[in-house]
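As numbered in our numbering, residues 11 to 296 make up the sequence shown, in order. Notes for the one structure printed next.
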Amino acid sequence: MRKRLKALLATALSPNELVNVYNSYDIIGDIAVIRLTETSRRHGQTIAEMIMKVHKNVKTVLAQVGPVYGDFRLRRLEYLAGEKRTKTVHRESGCIFAVDLENCYFSPRLSYERMRIAKLVKDGETIVNMFAGVGCFSIVIAKHSNAAKIYSIDINPAAVQFMTENIKLNRVYGKVIPMEGDAKDVILQRLRNVADRVLMPLPEKALEYLPYALSALKNQAGWIHLYAFEHANKKENPTEKTAAKVAEKLKESNIKFEIPFSRVVRTTGPNWYQTVVDILCKGPVH
Ligand SMILES: C[S@@+](CC[C@H](N)C(=O)[O-])C[C@H]1O[C@@H](n2cnc3c(N)ncnc32)[C@H](O)[C@@H]1O
């Protein structure tokens, strides 16, 4: 599919422009989101029409202009072709996610991570997802494990509204519990000492919010999955850098822990990586 698109695009774009466009689009439900650089921007319409020609299921093409921004982690989108809308329904790992791409964060690039975590969950676990978005991690876990409850917090009211809809669509009502607010407040007021496992899928705030993740764990013991963005040159290991920062931060909390697993989730730019570290917390040092 992408090969055919590349061949089609080669008829309209210079090799330099082609490099910038190719491979840098997501298909979310029936909407394609492409990233346009200054040079390829004037060909936006052509690129959009070719994407729709190659991907027959794509009904709308949007351009992401600028990076993901703000507390809600939104992207500025410009309409390019097809039906003029930003809402869609995406399917992943046997789950259905309704989402409005203009008002909620969503990335299909985390699908492997969502299943990886789901497979780690043991029967009867209570989980806190601190930055749940429209509920993707939580719902994949609910569908593919025997977790007891997955408390799912997000500060964006639109994301919580879609999460609530997705809970119904996926019939995980009562298992995935949507909660609106700042994760630190929600945990301190309602979710202290409840969790066997905490998810922190917000790289920008993960280190700052790590003490609250610890507060959510039962007796500060259990698993924390912490996502980060890391810069690393060729001689550096991005996951080791994240692990070192986590270790430094956890010194303040005076707990026993180890990091048995870490991985690069994806490359986000030249020498930039999204990493995840699985932290096994073992309670306070006595
Ligand atoms: C990168 S998204 C992750 C979404 C989701 N886990 C997924 O897989 O699609 C981060 C989410 O954290 C939310 N967020 C940002 N700051 C927050 C905070 N202080 N407390 C709770 N949620 C927050 C944003 O609204 C956004 O939906």
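For every residue, glycine included, the Cβ atom is placed at its ideal position computed from N, Cα and C. Just so we're clear, the structure is a prediction, and the values are computed from it rather than from any experiment.
Check: How is the alpha helix (DSSP H) around I57 delimited, first residue to last?; Outcome: 54 to 64
Check: Taking just the CA atoms, how far does H100 sit from I165?; Outcome: 22 Å
Check: Under the assumption that L72 contacts V43 (Cβ atoms under 8 Å), give the Cβ distance between them as a whole number of angstroms.; Outcome: 5 Å
Check: Would the beta-carbon of G293 fall within 8 Å of that of A231?; Outcome: yes
Check: Do V182 and K153 count as a contact pair if the criterion is CB distance below 8 Å?; Outcome: yes
Check: As a quick exercise: from V138, N26, R124, pick the residue whose alpha carbon is nearest that of V204.; Outcome: V138
Check: Can you name the start and end residues of the beta strand (DSSP E) that A168 belongs to?; Outcome: Note, A168: premise wrong, no beta strand (DSSP E); alpha helix (DSSP H) at 167 to 179.
Check: Grab me the residues of I106's own chain with a C-beta within less than 8 Å of its C-beta, minus the 5 sequence neighbours each way, in chain order.; Outcome: V99, H100, N176, L179, N180
Check: Cα separation between P77 and E59?; Outcome: 23 Å
Check: Can you tell me the Cα-Cα spacing of R14 and Q171, whole angstroms?; Outcome: 38 Å
Check: Given W282, which residues of its chain have a CB within under 6 Å of its CB, disregarding the five upstream and five downstream residues?; Outcome: H241
Check: For T252, does the three-state DSSP call read helix, strand or coil?; Outcome: helix
Check: Since V4 is in the beta strand (DSSP E), which residue starts that stretch and which ends it?; Outcome: Here the chain covers residues 11 to 296 and nothing more, so residue 4 does not appear.
Check: Based on DSSP bridge pairs, tell me the residues matched to H235.; Outcome: L209, D288
Check: What do you reckon, is the C-beta of I106 under 7 Å from a heavy atom of ligand 1?; Outcome: no
Check: For L201 and C291, what's the separation of their Cα atoms in angstroms?; Outcome: 17 Å
Check: Within the same chain, show all residues whose beta-carbon is closer than 7 Å to that of T56, passing over the 5 residues directly before and after it, in chain order.; Outcome: A22
Check: Determine the extent of the alpha helix (DSSP H) in which Y222 is found, giving its start and end residues.; Outcome: 216 to 226
Check: Once the 5 residues before and after A158 are set aside, which same chain residues still bring their CB inside 7 Å of it?; Outcome: G134, E135, T136
Check: Give the straight-line distance between the Cα atoms of N247 and R86, rounded to the nearest whole angstrom.; Outcome: 32 Å
Check: Buried or exposed: T252, going by 16 or more other Cβ atoms within 10 Å of its Cβ?; Outcome: buried
Check: Quick one: is the Cβ of P167 within less than 7 Å of any heavy atom of ligand 1?; Outcome: no
Check: Can you tell me which of R95, F141, P211, V256 puts its alpha carbon nearest to the alpha carbon of L111?; Outcome: R95
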